[in-house]
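Have a look at the structure below before the remarks.
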Amino acid sequence: MKKIDWTLLISVIIISIFGVLMIYSASYIWAEYKYGDALKYVKNQGLFFIVGIILMIIISKIDYKIYLKKSNLILLTCLILLVLVLIPGIGTVRNGSRSWFGIGSFGIQPSEFTKLGLIIFVSKYLACNEKATKNFKGILPVLGLLVLVFGLIMLQPDFGTGTIIVMSIVGLLFVGGVNFKYFIRLGIVGVIGIVGLILAAPYRLSRILSFLNPWSDPLGSGFQIIQSLYAIGPGGLFGFGIGNSRQKHFFLPEPQTDFIFSIISEELGFLGCVIVVGLFITICYTGFKISKNCNDRFGKYLSFGIIFQIAFQACLNLMVVVGLIPVTGVTLPFLSYGGSSLLITLCSIGIVLNVSRFQR
Amino acid sequence: MLLIFFLFALIIGKVFYIQVFSYEKLNNYATGLWSRNLPIEANRGKIYDRNGVVLADNVTTTSLVLIPNQIEDKEKTAELIAPILGISYEDMYAHVSKKTSIERVHPEGRRLDYETADKISDLELPGVYLLKESKRYYPYGEMLAHTLGFVGIDNQGLSGLELMYDEYLTGSYGAIKYFSDAKGNKLELSEIYEQPQDGIDIYLTIDYNIQIALERELDNVISKYNPDQALGIVMDPKTGEVLAIASRPSFDPSNYEDYSTETINRNLPIWMTYEPGSTFKIITLATALEENLVDLEEEHFYDGGAVTVGGATIHCWKHGGHGDQTFLQVVENSCNPGFVDLGLRIGKETLFNYIDNFGFGEVTGIDLNGEASGIIFDIDKIGDLELATTSFGQGVSVTPIQQVTAVSAAINGGTLYTPYIVKSLNEPETNSIIVNNEPKVVRKVISENTSAKVRYALESVVANGTGRNAYIANYRVGGKTGTAQKVQDGKYLVGNYITSFMGFLPADDPEVVVYVAIDNAKGVTQYGGTIAAPIAKNVLNAAISALEIEERYDGMTKEYNYGDKRYYTLPNVVGMDTKEAVTNLKPFKVEFSGSGSKVIYQSPSTNSYMQEGEVVRLMLGGD
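Chains A and B, in that order, give the protein sequences.
Going from the first sequence to our numbering is simple: count from 1 and add 77.
Going from the second sequence to our numbering is simple: count from 1 and add 23.
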């Protein structure tokens with residue numbers, strides 16, 4: 078047993094604290110307006126942050142091999158929850174998606190747990206079926222499971238989380254040594270499918286491409302991205318200073334969630350952006366290093382899957398915010414408001430921290 | 024793994040691109056999104072006379088501005104403000120709940136007096152603002168109204184110079200910029216005050232003191248004779264600068280709505296066209312002299328009271344005629360048959376050529392709106408009769424400004440200038456000149472020598488002839504009377520004349536020309552010499568003090584007519600004892616000051632030419 082990786086731990090704590098701070102700055106206007114309590118969001122997030130940090134530290138001391146044994150149970154639980162959340166009366170609708178179990182003002186998204194659950198299961202599958210996964214048949218069960226989970230999540234619907242789950246599993250399979258040509262084939266099928274959809278209804282193309290010129294539909298599909306650019310652009314090198322965002326004054330809807338990076342950019346400028354992205358890169362780099370240096374195949378896949386998922390989600394969110402891809406509705410790990418998301422992310426990091434104890 | 028780092032690099036790159044390359048565009052858009060403007064009106068440029076007297080000024084007033092998004096209790100706000108402005112609750116409620124960023128209550132909420140503004144500001148209602156606005160103010164009321172023009176409620180120029188130079192006078196709006204959230208609430212971020220750019224000031228060639236004198240004289244004429252119309256122009260003959268210009272009926276530019284459009288639009292000195300009558304004889308005289316067709320002193324003319332030209336008989340204005348006269352006397356007496364003789368000597372081609380050269384038949388180009396060009400006979404349709412009538416001022420139709428400009432040329436040494444009234448456009452802060460108008464020569468019409476003869480003849484008219492009522496001792500006034508019959512539907516009206524006088528001084532080196540015309544004066548014999556000459560004299564007097572024109576002692580003495588007051592040259596009494604001085608100053612009234620037995624100072628000074636009975640002040644001293 079070695080010591081845990083301090084770089085990862087400290088980076089995660091810094092970025093989480095920064096997240097809570099920025100959530101306060103971004104949300105107090107809306108919170109005051111909607112609830113008459115400027116601290117409403119930051120109190121929630123702060124609570125989850127504290128619980129999350131404690132859980133992370135506890136989990137970092139629990140031997141990760143326990144998940145290997147319990148992986149089937151964990152996956153089953155996740156699947157049941159995913160089904161349950163679709164049932165009206167049990168799952169509640171927020172922002173047009175039936176993705177939540179509501180407990181008072183708190184909400185828990187089973188899809189967040191599923192993200193981790195699936196990584197655990199696939200890591201185990203890859204670790205235990207090293208030979209089988211070399212051919213296509215061997216990974217068919219994983220693909221089948223992936224389609225099932227993706228289908229359930231799309232029923233909510235939550236396209237963003239679905240995409241992240243699919244991409245992180247594909248990434249995991251890739252690292253797991255699955256033959257590249259299967260991915261190419263899958264990719265070709267995907268591209269043909271997308272081309273087919275576009276040919277069937279050409280408006281989709283203009284819809285997809287509208288993010289390139291959001292001003293073509295400033296009050297519709299371009300609205301959020303325009304508001305985001307209005308925040309990022311004027312920020313300049315050092316921004317307006319923390320707390321001085323203008324776009325959070327009702328221009329940018331729900332600035333504490335998906336578009337919190339715009340507010341960071343507006344208040345702290347290019348420098349703030351570099352710091353945030355730098356923290357993410359540090360987390361990824363140390364995470365991947367932990368995975369690479371892990372003796373155990375399960376631990377290797379598990380830590381890679383977790384870090385890759387976080388990194389991919391972060392990229393997806395940031396690319397939306399800066400206008401590189403269309404709006405998908407994905408939050409920014411550690412920084413966006415969302416209790417269960419932060420909780421799961423911190424727990425995941427706890428697992429990776431535990432893996433870091435078993436380095437060569 | 025590399026893919027992830029590549030994506031992060033891409034994101035940072037894009038952020039950099041947005042913040043550096045799209046910065047300006049996005050910042051402008053975003054500032055437009057966040058900021059709201061409360062516009063602040065700029066002060067309109069002022070209009071000054073040539074010496075800096077403000078003729079069109081600004082006063083600060085207050086206007087109500089509403090920002091509906093910031094008004095919390097719309098019912099209460101409407102209820103409180105409506106009675107103060109004197110409008111209905113419903114109307115006010117419509118204003119406060121309008122979906123707009125800035126709302127003005129027009130016109131009730133504009134240009135509020137202090138009391139009303141105070142009442143509103145005392146309410147301290149959110150979203151209700153009082154903005155200072157600048158309002159046009161004409162300190163001298165009707166003075167120079169036609170020329171200055173007037174502005175509408177938004178300070179936009181609607182007529183006169185206010186309209187012509189609106190672009191310069193307007194200036195540009197300033198603003199209080201504040202940041203607002205998407206719901207229109209004001210944010211506690213710093214406000215930016217953008218100073219409005221005041222409009223450009225205009226300096227006129229007008230001299231306030233002469234203008235006020237001209238206006239006063241016309242007012243006197245109106246109350247005395249109740250004429251249909253009256254007008255006057257004062258010009259510097261050596262530059263074409265208009266020193267004063269006035270028109271009756273006039274109007275108050277602050278309340279222009281109360282007047283008929285005819286009254287407002289007709290700036291008579293440049294708009295009105297009529298047969299000028301005898302003042303036009305100056306043109307005939309100048310032409311005859313320039314062409315060497317007459318010797319004023321030596322040549323004689325016999326006026327039998329009428330002359331037959333082209334089968335028609337033209338009568339002299341004096342029944343029975345003037346008898347035998349030199350041509351100088353023909354001019355002094357304004358003898359029509361004498362001028363017919365001159366006209367026939369000149370011939371139609373030459374006379375009408377000179378008339379054209381003096382600027383008649385086309386606009387003078389003065390920098391004012393609404394100038395007329397007048398009508399001159401078509402050269403092919405001129406017979407001897409038309410030539411004859413034209414030579415004494417009938418049958419041609421001219422504007423007052425054309426006459427003043429032409430006569431200026433006749434007496435200034437022969438150069439025709441374009442008249443102008445805007446001297447310069449000045450930047451208000453530094454008072455630096457942006458546009459400067461200089462005298463503009465149109466053409467040389469007659470020689471300096473001819474011009475001197477014209478001046479001599481016209482001085483003689485005032486000293487000895489029909490212009491005697493304009494005589495001012497020691498200032499060598501020259502001039503010419505005019506009595507023109509008005510034409511209506513091709514016929515001359517009976518007992519309805521435009522009486523006029525064209526005067527200038529000093530005759531040796533004219534510094535000022537005055538033209539006044541009175542249309543259909545009532546209750547008086549309508550001769551230019553009796554009605555218009557005294558007015559012109561008063562205006563000339565005002566010009567003397569305004570322009571500080573020096574006295575001349577070498578002018579013509581006024582010929583004595585029975586009943587006239589006599590004029591005497593003032594002797595030098597300084598050094599004499601009191602008794603001796605009084606004896607020497609017999610025709611005058613003497614007032615003493617100081618004590619002693621010897622005169623140490625006299626006022627006016629020696630060689631002044633004074634009317635009998637006027638006061639001479641002597642200061643005593645010494646022993």
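Backbone N, C-alpha and C define an ideal beta-carbon position, used for all residues, glycine too.
Please compile the residues from chain B whose C-beta is within a distance smaller than 8 Å of the C-beta of residue i.
{"i": "A/Val399", "result": "Ile34, Lys37, Val38 and Ile41"}
{"i": "A/Leu348", "result": "Within chain B, no residue comes near A/Leu348; the closest Cβ sits about 10 Å away, beyond 8 Å."}
Taking C-beta pairs closer than 7 Å, name the residues in chain A that residue i reaches, listed in chain order.
{"i": "B/Ser45", "result": "Gly310"}
{"i": "B/Asp50", "result": "Contrary to the premise, residue 50 of chain B reads as Asn rather than Asp in this sequence. Here the neighbours are Gly310 and Pro311."}
Residue i touches chain B at which residues, Cβ-Cβ below 7 Å?
{"i": "A/Leu395", "result": "Ile34"}
{"i": "A/Gly215", "result": "What A/Gly215 touches in chain B: nothing, since even the nearest Cβ is about 24 Å away."}
{"i": "A/Ile358", "result": "Phe28 and Phe31"}
{"i": "A/Val354", "result": "Phe31, Ile34 and Ile35"}
{"i": "A/Tyr307", "result": "Leu49, Tyr52, Ala53 and Leu56"}
Can you list the residues of chain A that residue i reaches, using a CB-CB cut of under 8 Å?
{"i": "B/Ile27", "result": "Cys361, Phe385, Ala388, Phe389 and Cys392"}
Counting only C-beta atoms, is residue i closer than 9 Å to chain B at any point?
{"i": "A/Val351", "result": "yes"}
{"i": "A/Gly168", "result": "no"}
{"i": "A/Gly313", "result": "yes"}
Let me see if you follow: with CB-CB separation under 9 Å, is residue i close to chain A or not?
{"i": "B/Lys200", "result": "no"}
{"i": "B/Thr54", "result": "yes"}
Which residues, taken in chain order from the stretch 321–345 of chain A, show a beta carbon closer than 7 Å to some beta carbon of chain B?
Here the close residues are Arg323, His326, Phe327, Phe328 and Ser342.
Along the chain, which unbroken stretches of the beta strand (DSSP E) at least 3 residues long are found entirely within the stretch 311–380 of chain A?
For the stretch 311–380 of chain A, not a single whole beta strand (DSSP E) run of length 3 or above is found.
Closer than 9 Å, Cβ to any Cβ of chain A: which residues of the stretch 74–94 of chain B, in chain order?
Answer in chain order: no residues at all.
Just to confirm the assignment: which complete beta strand (DSSP E) runs, minimum length 3, are found wholly within the stretch 122–179 of chain B?
Unbroken beta strand (DSSP E) stretches of 3 residues or longer found wholly inside the stretch 122–179 of chain B: 151–160, given in chain order.
Is it a yes or a no for the stretch 484–498 of chain B touching the stretch 445–465 of chain B, going by three-plus beta-carbon pairs under 8 Å?
Counting Cβ pairs under 8 Å, fewer than three are found: no touch.
Short-range partners of chain B found in the stretch 120–134 of chain A, where Cβ spacing is below 8 Å
Taking 8 Å as the Cβ-Cβ cut-off, the stretch 120–134 of chain A has no residue approaching chain B.
Please identify, using Cβ separations under 9 Å, the residues of the stretch 254–272 of chain A that lie next to chain B, in order along the chain.
The residues in question: there are none.
Three CB pairs or more closer than 8 Å across the stretch 94–104 of chain B and the stretch 464–483 of chain B
The stretch 94–104 of chain B vs the stretch 464–483 of chain B: no contact.
Report yes or no: do the stretch 89–103 of chain A and the stretch 112–130 of chain A share at least 3 C-beta pairs separated by less than 8 Å?
Short answer: they touch.
Okay, do the stretch 332–347 of chain A and the stretch 366–374 of chain A touch, 3+ Cβ pairs below 8 Å being the bar?
Three or more Cβ pairs closer than 8 Å define a contact, and the stretch 332–347 of chain A falls short of that threshold against the stretch 366–374 of chain A.
Does the stretch 252–268 of chain B come close enough to the stretch 280–295 of chain B that 3 or more CB-CB pairs lie under 8 Å?
With the cut-off at 8 Å, the stretch 280–295 of chain B and the stretch 252–268 of chain B touch.
Does the pairing of the stretch 301–317 of chain B with the stretch 348–357 of chain B give three or more beta-carbon distances under 8 Å?
Cβ pair count under 8 Å is three or more, so yes.
For the stretch 344–385 of chain B, list the alpha helix (DSSP H) runs that are entirely contained and at least 4 residues long, ordered along the chain.
Taken in chain order, the unbroken stretches of alpha helix (DSSP H) that lie wholly in the stretch 344–385 of chain B and span 4 residues or more are 350–356, 359–369 and 371–380.
Taking three-plus beta-carbon pairs below 8 Å as touching, is the stretch 386–405 of chain A in contact with the stretch 210–219 of chain A?
The answer is no - the stretch 210–219 of chain A does not touch the stretch 386–405 of chain A, with fewer than three Cβ pairs under 8 Å.
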